[in-house]
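Residue numbers (my numbering): 400 to 504.
And the structure:
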């Protein structure tokens with residue numbers, strides 16, 4: 400019997416570490432640090448069924464923090480979330496964007 404429990408545990412730890420180590424800043428707070436801009440990142444919440452719920456904004460921000468960490472960043476500035484009507488195979492979708500940065504702490 401094979402299981403991916405170890406992968407799930409490591410993935411959960413990785414998500415927790417990423418979200419705990421990525422600052423969610425405003426432009427005003429960003430300028431308190433020396434920083435390098437890493438670019439825009441995007442997170443997509445997708446539902447292939449009209450009756451299913453999309454992820455919450457806080458869940459989407461968590462995903463943006465994970466993507467920031469995976470790209471070598473440790474800070475982000477949340478930009479916005481918007482609904483998307485047709486996005487790939489999604490019946491309904493939510494697209495959230497942020498700018499990622501590496502800041503000196």
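For glycine and all other residues, C-beta sits at the position ideal for the given N, C-alpha and C.
- Bounds of the alpha helix (DSSP H) holding residue 457 are 456-469.
- Here the alpha carbons of residue 468 and residue 422 stand approximately 10 Å from one another.
- By the beta-carbon neighbour count (other beta carbons within 10 angstroms, threshold 16), residue 441 is exposed.
- Between the alpha carbons of residue 443 and residue 452 lies a distance of about 13 Å.
- Burial is judged here by how many other beta carbons sit within 10 angstroms of a residue's own beta carbon; residue 450 has fewer than 16 and is exposed.
- Secondary structure of residue 422 (DSSP, three-state): strand.
- One thing to note: residue 489 has its Cβ no nearer than 8 Å to the Cβ of residue 459.
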